[in-house]
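S.K.: Going letter by letter, the sequence shown gives residues 1 to 208 in full-length UniProt numbering. For each residue, glycine too, the CB sits at the ideal point set by N, CA and C. As the structure is a computational prediction, the values presented were derived from the model and not from experiment. To start, I am sharing the structure in question, which I have written as structure tokens.
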Amino acid sequence: SSSSSSSFSFTVLPKFDPFISGLQHTYRYGDLIMLNCSSEWSNPPATLTWYINNKTAPLTTIQPQINEITRSTDGFLLYASNLQLRIHIDDPRFIAKSEVFELKCVADIMAIASVRRESKITATILALQDTTSHKQRLMGQSSTSGGDSLLRLAFIAVFAELFTVCDLPVVALFLLGLISDASPSVQCLIYALIMSMSVSLWQTGCWS
Numbered sequence: 001s002s003s004s005s006s007s008f009s010f011t012v013l014p015k016f017d018p019f020i021s022g023l024q025h026t027y028r029y030g031d032l033i034m035l036n037c038s039s040e041w042s043n044p045p046a047t048l049t050w051y052i053n054n055k056t057a058p059l060t061t062i063q064p065q066i067n068e069i070t071r072s073t074d075g076f077l078l079y080a081s082n083l084q085l086r087i088h089i090d091d092p093r094f095i096a097k098s099e100v101f102e103l104k105c106v107a108d109i110m111a112i113a114s115v116r117r118e119s120k121i122t123a124t125i126l127a128l129q130d131t132t133s134h135k136q137r138l139m140g141q142s143s144t145s146g147g148d149s150l151l152r153l154a155f156i157a158v159f160a161e162l163f164t165v166c167d168l169p170v171v172a173l174f175l176l177g178l179i180s181d182a183s184p185s186v187q188c189l190i191y192a193l194i195m196s197m198s199v200s201l202w203q204t205g206c207w208s
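Structural data, given as structure tokens:
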């Protein structure tokens, strides 16, 4: 920092690069990228600029810069600057093709190149068809899992019919052995079946 008593000027330069917050790393078609770039206390206030793939971000994606004001212990004004970037991922090219964005925030003080500071991050935009294919694979796996559960339940019902009422304790032990590998829905059905067996045992007098 430097000061001049004759002109009452006071300059404070930021010591660190601007801080970028709000990154998710991965986005999908239709998402909103919303990032904040913050520059630490300085005087004069830093001028913040966003770049997308080394090109100045369109004005439509930039919110007005906010400069927070405080006073130093010496009574001089200090400014903390913040600039928000908002990108709605609705470009048709993201329907079929994924892409990686390089997002950069630059903090300038009085346009002096030697005190210019910047921070960079990357964000991956997943194409719509990639996310759709992923969801279809998950749904297919869920459907297969559901089919397996129904098949297992049918097997349990047939297996239980092969035994007399007084053999049900053996069947119950068998069912308990299946619970650990079963899905939550099948586990509930197994427990219900065991409870039904217990009632039958009590009513027939096989369970004393």
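Rounded to whole angstroms, what is the Cα-Cα separation between L85 and T73?
M.R.: Reading the sequence shown from its first residue, position 85 is the one you call residue 85. Reading the sequence shown from its first residue, position 73 is the one you call residue 73. For L85 and T73, the distance between alpha carbons rounds to 33 Å.
S.K.: Between G30, I95 and T47, which has its C-alpha nearest I109's C-alpha?
M.R.: The residue labelled residue 109 in the question sits at position 109 within the sequence shown. Checking every option, the nearest Cα to that of I109 belongs to T47.
S.K.: Could you pull out every residue in the same chain whose Cβ sits closer than 8 Å to the Cβ of V12, ignoring the five residues on either side in sequence?
M.R.: Working through the sequence shown from its first residue, we reach residue 12 at position 12. S1, W41, S42, N43, S72, F76 and L78.
S.K.: Kindly provide the ranges of any alpha helix (DSSP H) runs that are 4 or more residues long and lie completely inside the UniProt domain "Ig-like" (14-122), ordered along the chain.
M.R.: 93-96
S.K.: Note down the Cα distance separating L128 from H88, rounded to an integer number of angstroms.
M.R.: Your numbering for residue 128 matches position 128 in the sequence shown. Your numbering for residue 88 matches position 88 in the sequence shown. One C-alpha to the other measures close to 14 Å.
S.K.: To the nearest angstrom, how far is the alpha carbon of R116 from that of V106?
M.R.: To locate residue 116, count along the sequence shown from 1; it is residue 116. To locate residue 106, count along the sequence shown from 1; it is residue 106. Using only the alpha carbons, I get a separation of about 7 Å.
S.K.: If I measure Cβ to Cβ from D90 and keep anything under 8 Å in the same chain, skipping five residues before and after, which residues do I get?
M.R.: Translated into the one-based positions of the sequence shown, residue 90 becomes position 90. Closer than 8 Å at the Cβ level, and outside the excluded window around D90, lie Y29 and G30.
S.K.: As a quick exercise: from P14, A80 and A123, pick the residue whose alpha carbon is nearest that of T70.
M.R.: Locating residue 70 in the sequence shown gives position 70, counting from the first residue. Per the Cα distances, A80.
S.K.: Pull the bridge partners of L126 from the DSSP assignment, please.
M.R.: For the purposes of this step, residue 126 is taken as residue 126 along the sequence shown, with counting starting at 1. Its beta-bridge partners are R28.
S.K.: Under 6 Å Cβ to Cβ from P45, same chain only, skipping five residues before and after it: list those, please.
M.R.: To locate residue 45, count along the sequence shown from 1; it is residue 45. Excluding sequence neighbours, P45 sits near N67, Y79 and S81.
S.K.: Taking all protein chains shown into account, do 16 or more other C-beta atoms lie within 10 angstroms of the C-beta of I33, making it buried, or fewer, making it exposed?
M.R.: Locating residue 33 in the sequence shown gives position 33, counting from the first residue. Classification of I33: buried, given that the 10 Å Cβ count is 16 or more.
S.K.: To the nearest whole angstrom, what separates the beta carbons of T49 and T60, a pair I think is in contact under 8 Å?
M.R.: Against the sequence shown, residue 49 aligns to sequence position 49. Against the sequence shown, residue 60 aligns to sequence position 60. Going by Cβ atoms, the distance from T49 to T60 rounds to 15 Å, so no, they are not a contact pair.
S.K.: Distance, Cα to Cα, S119 vs F16?
M.R.: Within the sequence shown, numbered from 1, the residue matching residue 119 stands at position 119. Within the sequence shown, numbered from 1, the residue matching residue 16 stands at position 16. Cα-Cα distance, rounded: 10 Å.
S.K.: Thinking Y27 and A113 are a contact (beta carbons under 8 Å), I'd like their distance in whole angstroms, please.
M.R.: Position 27 of the sequence shown, counting from 1, holds the residue named residue 27. Position 113 of the sequence shown, counting from 1, holds the residue named residue 113. Approximately 33 Å separates the beta-carbon atoms of Y27 and A113; this is outside 8 Å, ruling out the contact.
S.K.: Going by beta-carbon coordinates alone, are P18 and C37 separated by less than 7 Å?
M.R.: For this step, residue 18 is matched to residue 18 along the sequence shown. For this step, residue 37 is matched to residue 37 along the sequence shown. Cβ atoms of P18 and C37: closer than 7 Å.
S.K.: What residues in its chain sit with their C-beta under 7 Å from that of F101, if we drop five residues either side in the sequence?
M.R.: Position 101 of the sequence shown, counted from the first residue, corresponds to residue 101. Contacts found: I52, N53, T122, A123 and I125.
S.K.: Classify I190: buried if its beta carbon has 16 or more other beta carbons within 10 angstroms, exposed otherwise.
M.R.: Residue mapping note: residue 190 aligns to position 190 of the sequence shown, counting from 1. Result: buried.
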